[in-house]
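S.K.:
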Amino acid sequence: AQRVTQPEKLLSVFKGAPVELKCNYSYSGSPELFWYVQYSRQRLQLLLRHISRESIKGFTADLNKGETSFHLKKPFAQEEDSAMYYCALSGSTGFQKLVFGTGTRLLVSP
Amino acid sequence: DTEVTQTPKHLVMGMTNKKSLKCEQHMGHRAMYWYKQKAKKPPELMFVYSYEKLSINESVPSRFSPECPNSSLLNLHLHALQPEDSALYLCASSPARAGETQYFGPGTRLLVL
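Residue numbers (the working numbering), protein chains in the order written: chain A, 2 to 111; chain B, 8 to 120.
#1: Going by alpha carbons, who is nearest to B/His-86 out of B/Ala-99, B/Ser-101, B/Pro-76, B/Ser-69?
#2: Is there a Cβ of chain B sitting closer than 8 Å to that of A/Gly-104, yes or no?
#3: One question on the structure: do B/Pro-118 and B/Gly-21 come within less than 8 Å of each other, judged by their Cβ atoms?
#4: A/Ser-31: which of A/Pro-8, A/Ile-57, A/Asn-65 sits nearest, CA to CA?
#5: Since I believe B/Tyr-42 is in contact with B/Ala-99 (beta carbons under 8 Å), could you give me their beta-carbon distance rounded to a whole number of angstroms?
#6: Less than 8 Å between the CB atoms is what I'm expecting for A/Leu-48 and A/Trp-36, so what's the real figure, rounded?
#7: Output yes if chain A places a C-beta closer than 8 Å to the C-beta of B/Gly-35; else output no.
#8: Against chain B, does A/Tyr-86 count as a neighbour if the rule is that its beta carbon must be under 8 Å from one of theirs?
#9: When you compare the CB positions of B/Tyr-110 and B/Met-53, do they come within less than 8 Å of one another, or not?
#10: Counting only C-beta atoms, is A/Ser-70 closer than 8 Å to chain B at any point?
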């Protein structure tokens, strides 16, 4: 069964501090992992996905198959990073069912 | 056009009403989705359409009836809803291949009285 775990409901940091949002997954196959972000009063949007290996808005995430993790990191948090972050998983074959974690609210204070 | 649009933005309905939510995309995506999102919770998948055919129904009650009239449009027909159905209803689209990014609309906020 597909499962995504985000252990922190809320992560509160000061501006300029490093940030790590944790995501662990369970999937009996080769997964596709995503981070979606939902800013206040805005639509849910893709932040990054593991196969692109891009850095978006200073965020990076590395897929660790041994630890079944896909943690999101940023070395220096900005106030505009405050938002709800969802880790999500889908299979690499078959129909595209996207399973979301419970989300982590990131609050960056000045 | 690289966005998914949804109408209406807000909807208030009684338990005996019939209403419809609409979703449109012009990105050439052949997979479209309905999600339900309760406050402070992640989106929960309801339905998936692939090439205008229903491919996934996540055991959704029959008072929710999806329809995909063509490759750009997705509807969700609502009838005899319950107050607990009040939520944000999100539409998304993607290429019809496994592992593709889904693009979300802004949602319709539904209140059932």
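Cβ coordinates follow ideal geometry from the N, Cα and C atoms, glycine included.
Computed from a prediction, not measured in an experiment: that's the story for all the values here.
M.R.: So, from the data block:
#1: B/Ser-69
#2: yes
#3: In the sequence on display, residue 118 of chain B carries Leu and not Pro. For B/Leu-118 and B/Gly-21, no; Cβs fall outside 8 Å.
#4: Closest option to A/Ser-31, Cα to Cα, is A/Asn-65.
#5: The C-beta separation of B/Ala-99 from B/Tyr-42 comes to about 7 Å, placing the pair in contact by the 8 Å criterion.
#6: Confirmed, about 4 Å.
#7: no
#8: no
#9: no
#10: no
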